[in-house]
Amino acid sequence: MNLKPLQAMSIALALTALACQFLHGSSGSSSGALFEDDFSDKGHGWDENTGDNAASGYVDGEYMIGIFRESWFAWANPEGANLSLSNVHLEVTARSVGAATEPGFGIMCNYADGDNTYYLGVSMDGYFAIVKTVGGEDTVLSDADSWIQSGDIPVNASSYRLGVDCGNGTLTLQVNGTTLASVSDSTFSSGTVGLFAQTFAEPNAEIRFDDFVAQALP
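So the mapping is simple: the working numbering equals the position in the sequence shown, first residue as 1, plus 197.
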């Protein structure tokens, strides 16, 4: 799991400098996909750790990222898988079980390290963002420095099926099969994958992830 604090913006919060990083993992894959994990065991390489600000690990057949404070961002990667993927479609099911009513969560792609990656996600109160991080500086590609509200994102749903297309110079975010936004950017063309969660004004978020899959784009 990896952590960094957030700095307040309008409805959401922009990401600031990297705070700290820890943990490693191992690999997981199967036929029919470039990489996949149903989190039914601990052999697939995602981080397990508990710190002062956040925690991550396997819980009841799902993968959990929890955040104990407001304005915080935490993420994890299957580092032991040694993935270097390009032109991929990624999906994961996510649900919120914590006290926070507006947490954000989603998928990372073309991840080189915490300072250089893309991340795409939604929040429980109906906002989304597509973000590029270069040298630790974040740029919201889907809008000018802010998350965007969308009526296509169910508010306080029991779960969300997130989809991300990451390749051919285009980043696309989907929720429950509906496209929220598509942007053009070719800064990063390959890398590993990840999952993230973040808090805004409220602490005590807990996101559970399941059925992660990476497939080649046509």
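Each residue gets a CB set at the ideal place from its N, CA and C atoms; glycine is no exception. Here the structure is a predicted model, which means the values were calculated and not measured.
Collapsing the DSSP output to three states places E288 in a strand.
Going by C-alpha positions, D335 is about 18 Å away from G366. With a cut-off of 8 Å on Cβ pairs, the stretch 361-378 is not in contact with the stretch 227-243, counting fewer than three such pairs.
Judged by beta-carbon spacing, V289 lies beyond the 8 Å limit of G364, meaning their Cβ atoms are not closer than that value.
Note on D257: under 16 other CB atoms within 10 angstroms of its CB, so exposed under the neighbour-count rule. Note on geometry: alpha-carbon atoms of A273 and S253 lie some 8 Å from one another. With at least 16 other beta carbons inside 10 angstroms of its own, Q395 counts as buried. E334 sits in a strand when the DSSP states are folded into three classes.
Between G348 and G323, the alpha-carbon positions lie close to 7 Å from each other. Restricted to the stretch 365-391, not a single alpha helix (DSSP H) segment is unbroken, complete and at least 4 residues in length. The beta carbons of F236 and Y255 sit about 6 Å from each other, so the pair counts as a contact at 8 Å.
Contact between the stretch 340-358 and the stretch 314-332 is present, with at least three C-beta pairs closer than 8 Å.
Shown here, E245 sits in coil according to DSSP, grouped into three states, outside any helix or strand. Nearest to V361 by alpha-carbon distance, out of V328, S343, T384, is V328. Around the beta-carbon of D342, fewer than 16 other beta-carbon atoms lie within 10 Å, marking it exposed.
Contact between N246 and I264 does not hold, since the beta-carbon distance rounds to 13 Å and is not under 8 Å. In the same chain as E267, and ignoring 5 residues on each side of it, the C-beta atoms closer than 8 Å to its own belong to T396, F397, A398, E399, P400, in chain order.
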